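Residue numbers (the numbering used here): 1 to 188. Glycine residues also receive a C-beta, built at the ideal position from the N, C-alpha and C atoms. A quick note: this is a predicted structure, and the numbers were derived from the prediction, not measured.
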Ligand SMILES: Nc1nc2c(ncn2[C@@H]2O[C@H](COP(=O)(O)OP(=O)(O)OP(=O)(O)O)[C@@H](O)[C@H]2O)c(=O)[nH]1
Ligand SMILES: [Mg+2]
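Rendered as structure tokens:
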């Protein structure tokens, strides 16, 4: 794996600024790849393989071109997250709603990511709402201390789940898809 995808290593002489992206971050196993697949294809396929580097997907919806970039959430890849923050248009932060133990680390990393950008829109997906032990939205709001993240930015907290393979895309992910397209068209 090359740790740096091509967009960050523009060849000499090409000064075109890299395009802004929708970053999809969150701890390993939160469901980033699975969510992204549903949003991009309107089909459901729960992912089975951890992302070992980057996962870039381009989605065209009506007039809006959206470039999603997932960076894997394993510890060794988290150091790359901040490299992509300067040109991010929207941060989508995915958490596993049933992973109670790792909420403190998920919170810490989220706060670090947004601390220097008080107006960046943030969308938090409280994923795996289908699991029995899933925290509800209010608990997740508290566990991630979202009230401390700032009141100047647009912030969304949405409960989602990726349906099982072969089923229809969940309504929560449909709504998420619409909202992302709307935000991207407003912000671009
Ligand atoms: N029950 C349930 N399982 C899910 C859901 N979303 C994803 N999964 C499962 O959770 C595991 C991790 O999903 P991924 O999409 O690979 O997670 P990721 O955030 O991309 O993980 P990394 O790439 O390692 O950072 C897989 O076994 C998925 O099938 C969900 O909403 N509910
Ligand atoms: Mg992944």
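In terms of DSSP beta bridges, what is residue i paired with?
i	result
residue 126	95, 159
residue 64	61
residue 103	DSSP, once it has assigned bridges, lists no residue as partnering residue 103.
residue 49	None; residue 49 has no bridge partner.
residue 70	24, 55
Just tell me which of the options has its CA closest to the CA of residue i.
i	options	result
residue 179	61, 46, 136, 86	61
residue 106	92, 40, 183, 116	92
residue 148	110, 24, 131	110
residue 146	162, 133, 134, 126	126
residue 173	158, 187, 70	158
residue 54	42, 83, 63, 38	83
residue 169	32, 97, 140, 38	38
residue 77	139, 66, 104, 51	51
residue 144	99, 29, 66	99
residue 183	46, 66, 33, 140	66
Residue i and residue j look like a contact to me (Cβ under 8 Å); what is the Cβ gap, rounded to whole Å?
i	j	result
residue 94	residue 150	Contact flag wrong, Cβ pair sits at about 20 Å.
residue 90	residue 137	So it is not a contact: roughly 20 Å between Cβ atoms.
residue 153	residue 122	6 Å
Please work out which residues of its chain come closer than 7 Å, Cβ to Cβ, to residue i, disregarding the five sequence neighbours upstream and downstream, and give them in chain order.
i	result
residue 167	44
residue 57	36, 40, 68
residue 31	94, 96, 127, 128, 162
Label residue i either buried or exposed according to how many other C-beta atoms from any shown protein chain fall within 10 Å of its C-beta, with 16 as the threshold for buried.
i	result
residue 101	exposed
residue 116	exposed
residue 108	exposed
residue 70	buried
residue 165	exposed
So, does the CB of residue i fall closer than 9 Å to a CB anywhere in chain C?
i	result
residue 50	This model lacks chain C altogether; it includes just one protein chain.
Does the Cβ of residue i lie closer than 8 Å to at least one heavy atom of ligand 3?
i	result
residue 32	For the structure depicted, ligand 3 is absent and the ligand set comprises only ligand 1 and ligand 2.
For residue i, which residues in the same chain have their Cβ closer than 8 Å to its Cβ, ignoring the five residues on either side in sequence?
i	result
residue 114	91, 120, 122, 149, 150, 153
residue 155	121, 122, 123, 124, 146, 149
residue 29	50, 73, 96, 99
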